[in-house]
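In what follows, a structure is listed as structure tokens, so that the remarks can point back to it.
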Amino acid sequence: MRILYFFVAAYALHAQTTLPSLIESAQNNGRIESYIQQTTAATLGYESAKRSYFPRVDGFGSATYVDKTGGFEAKQTYAAGVKGELIVFDGFKRENLLNQNKALEHSAEHTLHAAKKEISLDVIQRYFDLQNTHDEIDTFTAMRTQLEAQLVRLDKFKAAGLASDDALMRMHSELSNVHYQIEDLHYRAERQKTELETITNQSIAHLTSSDIVEPKEISPQELDTLSALRYSRDAKIHEAEQKDATNLPTLKLEDHYTFNDYYNDPIPQMRVDRQNKFIASLSMNLIDFSSASMAKQSLMAQAQAKSSELAYAAKEADQNLLLAKRYIERSRILIDASHSTFDAAAKTFDAVKKKYEARIIDYVTYLDALHTLRDATNQLNRAKRTLYYAYAAYYYYSGLDPKEFVR
7 MRILYFFVAA YALHAQTTLP SLIESAQNNG RIESYIQQTT AATLGYESAK RSYFPRVDGF
67 GSATYVDKTG GFEAKQTYAA GVKGELIVFD GFKRENLLNQ NKALEHSAEH TLHAAKKEIS
127 LDVIQRYFDL QNTHDEIDTF TAMRTQLEAQ LVRLDKFKAA GLASDDALMR MHSELSNVHY
187 QIEDLHYRAE RQKTELETIT NQSIAHLTSS DIVEPKEISP QELDTLSALR YSRDAKIHEA
247 EQKDATNLPT LKLEDHYTFN DYYNDPIPQM RVDRQNKFIA SLSMNLIDFS SASMAKQSLM
307 AQAQAKSSEL AYAAKEADQN LLLAKRYIER SRILIDASHS TFDAAAKTFD AVKKKYEARI
367 IDYVTYLDAL HTLRDATNQL NRAKRTLYYA YAAYYYYSGL DPKEFVR
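If you count by my numbering, then the sequence shown holds residues 7 to 413, one letter each, in order.
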């Protein structure tokens, strides 16, 4: 039973470090939770505005005590009742308030979607960067193995008087530098891992290999950031229209039903214990010294500012999409070039290593070839993942969630 539990736990730990699962977890972190709460608040604001169209019913009550009565006053008076109120017409204030809150709700929803897509791209980039660092560690480790083997060989030659001190010192220096580079890369990997764990709120034990599906026949959609900005602008316009509504009449109907009770009343026969009162009222602002008009102008200026921001953001989004396409083309060319460079570096190093071990060339040429092979290997590994990231960036700037195309 313990063995079964161990395998299940190991599988669960491995499953948590796949790229799709990390993205899924990141899309539920604290930052995203705050956007979810904002969306919930906007939805409740809309529901509140919608319910303001319903009639309102209030209860009321009062008690009055007079120490010295005169005329027709009762010593004690008690009243209780209910009041119903219905606004028949308010100059479209509530209609604009409803539209404003609906626009804010849509804006919050698109802001949430935009944040999720953005964090998907961020996790993908960090994931590939961490894999690149691990590959560099492997490359430098292989380089260290080569240098250690050559150092053992040089020690033997030195003991036989066939190797110079400067060759031995240079090889020791190179090996020490590689040790430092590996340690520095381990530190970088630990930092990258910690940052990724913070975003995803998961502990990463092992990175599985992942890639991104190549984009084919993608229909770009409007970015959620643009939609959120558009709805935010519309909300300002509806808020401005509410200011105009203050100059229009408001028609309100009320019905008061009251229960009365009197003590020490000098004229009880003239009192009523129950009373229903119906009121129709009409109110309208006549003079406000342009207060509503100036408030509307201020809000419309804010809406115009958002329109300008939206136009610029839309233009920037189009440019980013074009650059994302070019980034894919550039990455493909880089892979081809990196393959050629790696093949040439690998063949050159094999030839140089044989000549160096045959003492035809010196250690300087050997180390140069080793450095070239190391750089070519790292470049090729990075180029492959750069293409995957380019795919993800293209999906993102096309208005899609890159998470849906990870495999």
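From the three backbone atoms N, C-alpha and C, an ideal C-beta is built for every residue, glycine too.
Fair warning: this is a prediction, and the values are worked out from it, not measured in the lab.
**Asked** Which residue comes first and which comes last in the beta strand (DSSP E) that contains L191?
**Response** Counted from its first residue, the sequence shown places residue 191 at position 185. Careful: L191 lies outside any beta strand (DSSP E), inside the alpha helix (DSSP H) at D171 to T206.
**Prompt:** If you draw a straight line from the C-alpha of H262 to the C-alpha of E247, how long is it?
**Reply:** The residue given as residue 262 occupies position 256 in the sequence shown. The residue given as residue 247 occupies position 241 in the sequence shown. Looking at the two C-alpha atoms, the distance is approximately 33 Å.
**Prompt:** Which runs of the beta strand (DSSP E) fall wholly inside the stretch 202 to 288 and span at least 3 residues, in chain order?
**Reply:** Listed in chain order, they are 256 to 269.
**Prompt:** Hey, how far is the Cα of A148 from the Cα of L25?
**Reply:** What you label residue 148 is simply residue 142 of the sequence shown in a count that begins at 1. What you label residue 25 is simply residue 19 of the sequence shown in a count that begins at 1. The alpha-carbon atoms of A148 and L25 are separated by roughly 27 Å.
**Request:** Report the rounded CA-to-CA distance for L181 versus T139, giving the unit in angstroms.
**Result:** On the sequence shown, position 175 is the one that residue 181 refers to. On the sequence shown, position 133 is the one that residue 139 refers to. Each residue's Cα considered, the two are about 20 Å apart.
**Asked** Cβ of I210 within 7 Å of Cβ of A309?
**Response** Sequence index remark: in the sequence shown, residue 210 carries index 204 (1-based). Sequence index remark: in the sequence shown, residue 309 carries index 303 (1-based). No. Outside cutoff.
**Message:** Can you tell me whether F134 is buried or exposed? The criterion is at least 16 other CB atoms within 10 Å of its CB, across all chains shown.
**Reply:** Along the sequence shown, read from residue 1 onward, the residue named residue 134 stands at position 128. Classification for F134: buried.
**Request:** Taking 7 Å as the cut-off, decide whether the C-beta atoms of N123 and Q33 are in contact.
**Result:** For the purposes of this step, residue 123 is taken as the residue at position 117 of the sequence shown. For the purposes of this step, residue 33 is taken as the residue at position 27 of the sequence shown. Before going further, note that residue 123 is Lys rather than Asn in the sequence given. No, these two residues do not count as a Cβ contact at 7 Å.
**Reduced DSSP category for R62 - H, G, I as helix; E, B as strand; rest coil** = For the purposes of this step, residue 62 is identified with residue 56 of the sequence shown, where counting begins at 1. Here R62 sits in strand by DSSP.
**Request:** Please name the residue, chosen from H377, N270 and H178, that lies closest to T354 on a Cα-to-Cα basis.
**Result:** Here residue 354 is taken as the residue at index 348 of the sequence shown, counted from 1. Selected option, being the one with the closest Cα: H377.
**Bounding residues of the alpha helix (DSSP H) (the contiguous stretch that carries L328)** = Position 322 of the sequence shown, counted from the start, is the residue given in the question as residue 328. Annotation for L328: the continuous alpha helix (DSSP H) segment containing it runs S297 to E363.
**Residue closest to N270, alpha-carbon to alpha-carbon, out of A47, Q43 and V72** = As a position in the sequence shown, residue 270 is number 264, starting the count at 1. For the residues A47, Q43 and V72, the minimum Cα distance to N270 belongs to V72.
**heavy atom of the ligand SAH below 6 Å from E39 C-beta** = Judged by which ligands are present, the structure shown has none, so any question about the ligand SAH falls away.
**Asked** Quick one: is V129 buried, meaning 16 or more other Cβ sit within 10 Å of its Cβ, or exposed?
**Response** Locating residue 129 in the sequence shown gives position 123, where the first residue counts as 1. Classification for V129: buried.
**Per DSSP, the bridge partner or partners of Y84** = Position 78 of the sequence shown, counted from the start, is the residue given in the question as residue 84. Paired residue(s): A69 and D267.
**Request:** Leaving aside the five residues before and after S31 along the sequence, list all residues of the same chain whose C-beta is less than 8 Å from its C-beta, in chain order.
**Result:** For the purposes of this step, residue 31 is taken as the residue at position 25 of the sequence shown. Here the set comprises Q22, T206, N207 and Q208.
**Prompt:** Do I218 and Y52 have their C-beta atoms closer together than 7 Å?
**Reply:** For the purposes of this step, residue 218 is taken as the residue at position 212 of the sequence shown. For the purposes of this step, residue 52 is taken as the residue at position 46 of the sequence shown. Contact flag unset, no.
**Request:** Can you grab the Cα-Cα spacing for the pair V358 / A155, in whole Å?
**Result:** As a first step, residue 358 must be located in the sequence shown, where it is residue number 352. As a first step, residue 155 must be located in the sequence shown, where it is residue number 149. Each residue's alpha carbon lies about 15 Å from the other.
**As assigned by DSSP and simplified to three states, the class of F78** = Within the sequence shown, residue 78 is the residue found at index 72, counting from 1. DSSP places F78 in coil when its eight states are reduced to three.
**Prompt:** Taking just the CA atoms, how far does L157 sit from T392?
**Reply:** Residue 392 sits at position 386 when you count from the first residue of the sequence shown. Residue 157 sits at position 151 when you count from the first residue of the sequence shown. Cα-Cα distance, rounded: 36 Å.
**Message:** For I143, report the span of its alpha helix (DSSP H) as first-last.
**Reply:** Indexing the sequence shown from 1 puts residue 143 at position 137. Taken as a continuous stretch (DSSP letters only), the alpha helix (DSSP H) holding I143 covers K99 to A165.
**Item:** Segment limits, alpha helix (DSSP H) that includes E30
**Value:** To locate residue 30, count along the sequence shown from 1; it is residue 24. L25 to A32 is the span of the alpha helix (DSSP H), which, as asked, contains E30.
**Asked** Going by Cα to Cα distance, which pick from R132, D144, D250 and G405 is closest to D324?
**Response** Within the sequence shown, the letter at position 318 stands for residue 324. D324 has its Cα closest to that of G405, out of R132, D144, D250 and G405.
**CA nearest to the CA of T256, picked from K81, F78, E91 and G97** = Within the sequence shown, residue 256 is the residue found at index 250, counting from 1. Here the closest residue by C-alpha is G97.
**Alpha carbon of E196 to alpha carbon of A241, nearest angstrom** = Position 190 of the sequence shown holds residue 196. Position 235 of the sequence shown holds residue 241. Rounded to the nearest angstrom, the two C-alpha atoms are 46 Å apart.
**Request:** Give every residue of the same chain whose Cβ lies closer than 7 Å to the Cβ of A173, excluding the five residues on either side of it in the sequence, and list them in chain order.
**Result:** Translated into positions along the sequence shown, residue 173 becomes position 167. If you ignore the 5 residues before and after A173, its C-beta comes within less than 7 Å of the C-beta of L160 and Y369, all in its own chain and listed in chain order.
**Request:** Have a look at D342 and I42 and give me their C-alpha separation to the nearest angstrom.
**Result:** Here the question's residue 342 lines up with position 336 in the sequence shown. Here the question's residue 42 lines up with position 36 in the sequence shown. Each residue's Cα considered, the two are about 44 Å apart.
**Coarse secondary structure for I42, derived from DSSP in three states** = Counted from its first residue, the sequence shown places residue 42 at position 36. DSSP places I42 in helix when its eight states are reduced to three.
**Asked** Are D267 and Y84 close, meaning C-beta to C-beta below 7 Å?
**Response** One-based indexing of the sequence shown puts residue 267 at position 261. One-based indexing of the sequence shown puts residue 84 at position 78. Yes, these two residues count as a Cβ contact at 7 Å.
**Asked** Do you know offhand how far S170's Cα is from R176's?
**Response** Position 164 of the sequence shown holds residue 170. Position 170 of the sequence shown holds residue 176. Going by C-alpha positions, S170 is about 10 Å away from R176.
**Item:** Separation of D230 from L103, as counted between CA atoms
**Value:** Taking the sequence shown and counting its residues from 1, one reaches residue 103 at position 97. Taking the sequence shown and counting its residues from 1, one reaches residue 230 at position 224. One C-alpha to the other measures close to 24 Å.
**Request:** Determine the burial state of A47: buried for a count of at least 16 other Cβ atoms within 10 Å of its Cβ, exposed for fewer.
**Result:** If you number the sequence shown from 1, residue 47 lands on position 41. A47 should be labelled exposed.
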